[in-house]
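Peer 1:
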Amino acid sequence: MRLAIVGTGYVGLVTGTCFADCGNTVVCIDKDSSKIDGLLQGKIPIYEPGLQELVERNAREGRLSFTTDLPKGISAAEVVFVCVGTPQSADGSADLSIVFEVIRSIGEHVNGPKIVVIKSTVPVGTNDRALEMLKHAKHPVSLASNPEFLKEGAAIDDCLRPDRIVVGVREQATADTLKTLYAPFLRTEKPFLSMSPSSAEMTKYAANAMLATKISFINEMANLCERAGADINDVRRGMGHDARIGFQFLFPGAGYGGSCFPKDIRAVISMANNLGSGSSLMLAVDQVNEDQKHVLGQKIKNQYPNGITGKTFAIWGLAFKPRTDDIREAPALVLVNMLLAAGANCQVHDPEAMPNVKRLLGDQISYAAGPLQALECADALVIVTEWSEFRSPDFALLAQKLKDKVIFDGRNLYEPKSVASAGLTYHSIGRVTAQAER
Ligand code: NAD
-3 MRLAIVGTGY VGLVTGTCFA DCGNTVVCID KDSSKIDGLL QGKIPIYEPG LQELVERNAR
57 EGRLSFTTDL PKGISAAEVV FVCVGTPQSA DGSADLSIVF EVIRSIGEHV NGPKIVVIKS
117 TVPVGTNDRA LEMLKHAKHP VSLASNPEFL KEGAAIDDCL RPDRIVVGVR EQATADTLKT
177 LYAPFLRTEK PFLSMSPSSA EMTKYAANAM LATKISFINE MANLCERAGA DINDVRRGMG
237 HDARIGFQFL FPGAGYGGSC FPKDIRAVIS MANNLGSGSS LMLAVDQVNE DQKHVLGQKI
297 KNQYPNGITG KTFAIWGLAF KPRTDDIREA PALVLVNMLL AAGANCQVHD PEAMPNVKRL
357 LGDQISYAAG PLQALECADA LVIVTEWSEF RSPDFALLAQ KLKDKVIFDG RNLYEPKSVA
417 SAGLTYHSIG RVTAQAER
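Numbering-wise, the numbering used here puts 230 at position 234 of the sequence shown, and it's gapless, one number per residue.
#1: Please name the residue in ALA16, LEU35, THR21 whose C-alpha comes closest to that of LYS27.
#2: Ends of the beta strand (DSSP E) at PHE188?
#3: Keeping to the same chain, check which residues put their C-beta closer than 8 Å to that of GLY103; ignore five residues upstream and five downstream.
#4: Between SER29 and the rest of its own chain, which residues show a CB-CB distance below 7 Å, the 5 nearest in sequence each way excluded?
#5: Does the count of Cβ pairs from the stretch 280 to 291 and the stretch 350 to 368 closer than 8 Å reach three?
#6: By Cβ distance, which residues of its chain are closer than 6 Å to ASN20, with the 5 residues on each side in sequence left out?
#7: Work out the CA separation of THR209 and LYS68 for me, nearest whole Å.
#8: Hey, is ARG346 close to the ligand NAD, as in C-beta under 7 Å from one of its heavy atoms?
#9: So is the beta-carbon of LEU60 under 7 Å away from any non-hydrogen atom of the ligand NAD?
#10: Taking one C-beta from the stretch 148 to 162 and one from the stretch 311 to 327 each time, how about it: are there three or more such pairs within less than 8 Å?
#11: Looking only at DSSP bridge pairs, what is ASN341 linked to?
#12: Going by DSSP, what residue range makes up the alpha helix (DSSP H) through TYR6?
#13: Can you give me the Cβ contacts of ILE211 inside the same chain, cut-off strictly under 6 Å, excluding the 5 residues immediately before and after it?
#14: Is it true that the CB of VAL78 sits closer than 8 Å to the CB of GLY5?
#15: Are there three or more Cβ pairs, one per stretch, closer than 8 Å when the stretch 156 to 165 is compared with the stretch 183 to 191?
#16: According to DSSP, is CYS221 helix, strand or coil?
#17: Figure out for me which residue from GLY8, TRP312, ALA376 has the closest Cα to the Cα of PRO327.
#18: Taking the continuous alpha helix (DSSP H) assigned at SER276, which residues delimit it?
#19: Identify the residues that DSSP records as bridge partners of LEU60: which are they?
#20: Quick check on the contact list: which residues have their beta carbon closer than 6 Å to a heavy atom of the ligand ATP?
#21: One question on the structure: do ILE265 and SER275 come within less than 8 Å of each other, judged by their Cβ atoms?
#22: Identify every residue that forms a DSSP beta bridge with GLN84.
#23: What's the C-alpha gap between GLU433 and ALA392?
#24: In whole angstroms, what is the alpha-carbon distance linking THR305 and LEU331?
#25: For the alpha helix (DSSP H) containing ARG166, name the first residue and the last one.
#26: In the DSSP assignment, find the unbroken alpha helix (DSSP H) run with LYS413 in it and report its ends.
#27: Does ALA133 come out as helix, strand or coil in the three-state DSSP assignment?
#28: Mind checking which residues open and close the alpha helix (DSSP H) that includes ILE425?
#29: Starting from the C-beta of LEU436, find all residues in its chain whose C-beta is less than 7 Å away, skip the five residues before and the five after it, and write them out in chain order.
#30: Measure the alpha-carbon distance for GLU57 versus ARG427 and round it to whole angstroms.
#31: Express the C-alpha separation of GLU382 and PRO76 in angstroms, rounding to a whole number.
#32: Quick check: MET267 and PRO389, are their CB atoms within less than 8 Å of each other?
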């Protein structure tokens, strides 16, 4: 099939590339000319494992191209996917201005019958509003919704092997075309679920709301465990083996971040308010998460009752999760800002996210080439993102390097006893602090 993807970000570039990899001809469109210029020279604007080689191969073989020209980009396409951002507005609702700008532009330039698919995460009713805008288009447009469930860091695998495909359609023929398009991804009998556009739009929010709820739930239990002298890791295992509960998204930490959960939860709250429905659970999920982003900072303050002015903290991990360079709403930024405001110095290392943080914070912090370099002359270590390379450090070396011999771990990467036996004090989440054995 001939496809156009409008918005070449985390979702659009991965989706377009995976479709091209199945033999479709795909044009990726973006209004950011520096992004498109870079892609035309083989530069991938984001870090996503495996993406570079997939883009290179499909571009080389002529199935994947890039342009800033929307009218030209959509002209040959049978199906146009809208994958632009839907950031949070000042009032917490989803800002739909970019989606509507793109829909309007498609309506103006449509040169034949097309299927237009909204893949961006949008509130219930957006598809209906967009359809109104397309009423006067010169050619018939069938407007579908097809929310995306990929996870950054595993996006290609999620795209090529999704758990399910959800489409919201008004015409059976549109569902049939989309089913054919997705067939190569659903060969293991994963379901293609066709429903109304409103239900498809809601499905995405409901799924993210459930996942964020699980995270805030386990974080609240972790904080309770700490006070009660219980160990959240044992509790998590004791719970997770219950088949009705499971282990996924039950890891306590420094709070969720990223471009989806925070804004999507607030969009659900806004939607509920507008529709006169209650949102007490989502309000609590959001509040628990905001508080959780300050838990590491609070532990640091407790460890240093005389203040941290002049102290140097090594920070491992800046991205909101491992295997991405995305720092949107990352808990690490909350921590770094708190440390800087308290007069401390930060020496950070992240395998992929440092350029993005540098654009934001510049020289307020120093950037280390590797995890060990970040420890040079540091007083303490703080771990915020669970990159694999942080999982098995040499604790004896850490004890030697860190002046105050203390680790604050926001991801529970280590077994407390082994850290303490190396002579380090170890603070983690939902577990009693392990005091250094000297
Ligand atoms: P992103 O910010 O990475 O990418 C959006 C792209 O759209 C950018 O490259 C931007 O330059 C481009 N753009 C903006 N205005 C444009 C216009 N008028 N014409 C053409 N291009 C334009 O966003 P993302 O993370 O890919 O998210 C896109 C949507 O998918 C959002 O609604 C998001 O909630 C949803 N989503 C994201 C993820 C994720 O993990 N990132 C997962 C599932 C769903």
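Yeah, the Cβ is synthetic: ideal placement off N, Cα and C, and Gly gets one too. Bear in mind that the values here come from a model prediction, so they are computed numbers and not experimental data.
Peer 2: Reading from the atomic positions:
#1: Comparing Cα-Cα distances from LYS27 to each of ALA16, LEU35, THR21, the minimum goes to LEU35.
#2: 188 to 191
#3: MET129, LEU130, HIS132, ALA133, VAL137
#4: THR64
#5: no
#6: MET(-3), LEU(-1)
#7: C-alpha separation (whole angstroms): 43 Å.
#8: According to the sequence displayed, residue 346 carries Asp and not Arg. ASP346: no, Cβ never under 7 Å from the ligand NAD.
#9: no
#10: yes
#11: Assignment of beta-bridge partners to ASN341 by DSSP yields THR308.
#12: Annotation for TYR6: the continuous alpha helix (DSSP H) segment containing it runs 6 to 17.
#13: PHE245, TYR252
#14: Annotated as distal: GLY5 and VAL78, with beta-carbon spacing of 8 Å or more.
#15: yes
#16: Of the three classes helix, strand and coil, the one that applies to CYS221 here is helix, per DSSP.
#17: TRP312
#18: 276 to 288
#19: According to DSSP, which records beta bridges pairwise, LEU60 is partnered with VAL22.
#20: This structure simply doesn't include the ligand ATP; it includes the ligand NAD instead.
#21: Taking the C-beta atoms as reference points, SER275 is found nearer than 8 Å to ILE265.
#22: ALA90
#23: Rounded to whole angstroms, GLU433 and ALA392 show a C-alpha spacing of 12 Å.
#24: Taking the CA atoms as reference points, THR305 sits about 15 Å from LEU331.
#25: Per DSSP, ARG166 belongs to no alpha helix (DSSP H) and is neither H nor E.
#26: 412 to 417
#27: coil
#28: ILE425 -> no alpha helix (DSSP H), and no H or E assigned at all.
#29: What is shown of the chain runs -3 to 434, which leaves residue 436 out entirely.
#30: 53 Å
#31: This sequence places Val at residue 76; Pro is not what is there. Roughly 37 Å separates the two Cα atoms.
#32: no
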